[in-house]
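Here's the structure we're looking at; comments come further down.
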């Protein structure tokens, strides 16, 4: 079945460091791909998405490119801030119905 | 602020009991999905409702059931609670028809503890 695998955390970085969180997927067909962020005590917020191969999603300095050849959707940010500390989830929707399959999440901790 | 609210925020039940969790979607959002998020894990899809009808179900037993109402509210009911049902339950709503092109808006969740 369809699945999403994320790099294990926690990831601890200093402020202004470069961030990469790896995400690979297995899916039949051509899924849409998403990154969600969960701040402490809050629900999930959509960070960015890409709906077809080679699309780049971007928001708030974060970006991810849909790579069909490597079945990946890695999240990157050039300079992280303390306020980026949260749990990041990669997800896919293979049936275009809004039924999301999530990875296990990666905790990011940014220290001043 | 997504406009999706859930109640209660926390709940403690004992094994074998029944529970009802509630979600209020944004006005105009006629698709609602429910997810279970165990501690340290990603959310797992339970089911989705579209215009008050079930529109797909994940790998959850029939004791997980739901309802969607015309006023954009919905319920998740769980019968015969088990210890493994302890989790954060999230609802997510989206406007118009169901589809990946539509952004899903998540509520803050209800944390259920089963003792």
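Chains as they are written, first to last, in our numbering: chain A, 8 to 119; chain B, 14 to 128. The C-beta atom is built at its ideal place from N, Cα and C for all residues, glycine as well. Keep in mind that this is a model prediction, so the values were computed, not measured.
Proximity of residue 78 of chain A and residue 13 of chain A at Cβ, strictly below 8 angstroms: What you label residue 78 of chain A is simply residue 71 of the first chain in a count that begins at 1. What you label residue 13 of chain A is simply residue 6 of the first chain in a count that begins at 1. Cβ atoms of residue 78 of chain A and residue 13 of chain A: not closer than 8 angstroms.
field: Test: residue 96 of chain A CB closer than 8 angstroms to a CB of chain B
entry: The count along the first chain starts at 1 and reaches residue 96 of chain A at position 89. At least one chain B Cβ lies under 8 angstroms of residue 96 of chain A.
query: Whose C-alpha, out of A:68, A:67, A:40 and A:63, is nearest the C-alpha of residue 102 of chain A?
result: Counted from its first residue, the first chain places residue 102 of chain A at position 95. Of the candidates A:68, A:67, A:40 and A:63, the one whose C-alpha sits nearest the C-alpha of residue 102 of chain A is A:40.
Three-state class that DSSP yields for residue 90 of chain A in the structure shown: Taking the first chain and counting its residues from 1, one reaches residue 90 of chain A at position 83. Three-state DSSP puts residue 90 of chain A in a helix.
- request: Per DSSP, which residues does residue 71 of chain A bridge with? Please list them.
  value: Taking the first chain and counting its residues from 1, one reaches residue 71 of chain A at position 64. Beta-bridge pairing links residue 71 of chain A to A:64 and A:82.
message: At a CB distance below 8 angstroms, what residues from the region 86-109 of chain B approach chain A? Give them in sequence order.
response: Close to chain A, meaning a Cβ-Cβ distance shorter than 8 angstroms, are the following residues of the region 86-109 of chain B: 103, 105 and 107.
query: Going by alpha carbons, who is nearest to residue 47 of chain B out of A:34, A:107 and A:44?
result: Within the second chain, the letter at position 34 stands for residue 47 of chain B. Closest option to residue 47 of chain B, Cα to Cα, is A:107.
Residues of the region 39-60 of chain B whose Cβ lies closer than 7 angstroms to any Cβ of chain A, in chain order: 44, 46, 54, 55, 56 and 58
message: So if DSSP puts residue 35 of chain B in a beta bridge, which residue, or which two residues, is it bridged to?
response: Here the question's residue 35 of chain B lines up with position 22 in the second chain. For residue 35 of chain B, which the question treats as bridged, DSSP gives the partners B:20 and B:88.
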